[in-house]
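Let me begin by presenting the structure, written as structure tokens, before commenting on it.
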Amino acid sequence: MALNRDFVGRTYPPSAPYEVSRVKIKEFAAAIGDHNPLYRDREAARAAGYPDVIAPPTFPIVFSLQSGGEALVDPDLGLNLAMVVHGEQRFEYVRPIHAGDELVMTSTITDIRTAGRNELLTVRSDVRTVDGEPVCVTYNTIIERGGAG
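In my numbering, the protein residues as written are 165 to 313.
Here you go:
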């Protein structure tokens with residue numbers, strides 16, 4: 165069944181603030197197998213000009229669907245979560261995320277399209293500090309796999 169194209173352009177309320185901690189950054193870096201000292205050592209990060217340890221570039225996935233996630237479970241969208249797989253993800257940075265940041269996201273469904281028997285849904289999330297400073301933009305595409313025809 166096709167996803168509801170009326171959802172394209174919908175923007176969802178900002179997420180609750182997400183507090184970035186050294187522990188969460190270190191856990192994420194360990195999970196992806198990245199031993200860069202900028203992700204683990206405060207002094208190394210400061211020596212490189214950062215206020216604290218920085219997060220790996222893919223760190224926003226930890227919280228990236230909080231804001232737009234409510235759309236994915238809206239029955240009017242028509243998404244079958246049992247058939248969903250991760251399609252694509254990318255990030256555009258204004259500056260690195262670092263420990264101590266308090267981030268909020270505002271998400272918008274930017275595209276819904278059909279590819280073969282699959283439906284692709286793209287969500288853009290603008291990540292800012294609670295003070296409004298832009299940090300990055302994430303793009304997540306999920307695929308609802310089509311059934312056998």
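Every residue, glycine too, gets a C-beta built ideally from N, C-alpha and C.
request  = Alpha carbon to alpha carbon, how far is V217 from P201? Give it in angstroms, no decimals.
outcome  = Position 37 of the sequence shown holds residue 201. Position 53 of the sequence shown holds residue 217. If you take the alpha carbons of P201 and V217, they lie about 8 Å apart.
request  = Would you list, in sequence order, the uninterrupted alpha helix (DSSP H) runs of no fewer than 4 residues that lie entirely inside the stretch 212-266?
outcome  = Segments of the alpha helix (DSSP H) lying fully in the stretch 212-266: 233-236.
ask   = In or out: H199 buried (at least 16 other Cβ within 10 Å) or exposed?
value = One-based indexing of the sequence shown puts residue 199 at position 35. With fewer than 16 Cβ atoms within 10 Å of its Cβ, H199 is classed as exposed.
inquiry  = Using 8 Å as the threshold, is the C-beta distance between L167 and L243 below it?
reply    = Here residue 167 refers to the residue found at position 3 when the sequence shown is read from its first residue. Here residue 243 refers to the residue found at position 79 when the sequence shown is read from its first residue. L167 is a Cβ neighbour of L243, given a cutoff of 8 Å.
ask   = What does a CB cutoff of less than 7 Å around L241 pick up in its chain, not counting 5 residues either side in sequence?
value = Your numbering for residue 241 matches position 77 in the sequence shown. Cβ neighbours of L241 beyond the five flanking positions: L167, N168, F171 and A235.
query = Do the stretch 206-225 and the stretch 278-286 meet, that is, are 3 or more Cβ pairs less than 8 Å apart?
reply = Touching, no.
ask   = Does the count of Cβ pairs from the stretch 179-186 and the stretch 245-252 closer than 8 Å reach three?
value = Using a C-beta cut-off of 8 Å, the stretch 179-186 makes no contact with the stretch 245-252, since fewer than three inter-stretch Cβ pairs fall below that distance.
query = When the Cα atoms are used, what is the spatial distance from G197 to Y203?
reply = The residue given as residue 197 occupies position 33 in the sequence shown. The residue given as residue 203 occupies position 39 in the sequence shown. Cα-Cα distance, rounded: 11 Å.
task = Measure the CB-CB distance between V294 and E266 and report whether it falls below 8 Å.
result = As a working mapping, residue 294 is identified with position 130 in the sequence shown. As a working mapping, residue 266 is identified with position 102 in the sequence shown. Yes, Cβ-Cβ distance for V294 and E266 is below 8 Å.
inquiry  = Please classify R309 as buried or exposed, where buried requires at least 16 other C-beta atoms within 10 Å of its C-beta.
reply    = Position 145 of the sequence shown holds residue 309. Answer is exposed; the Cβ neighbour count stays below 16.
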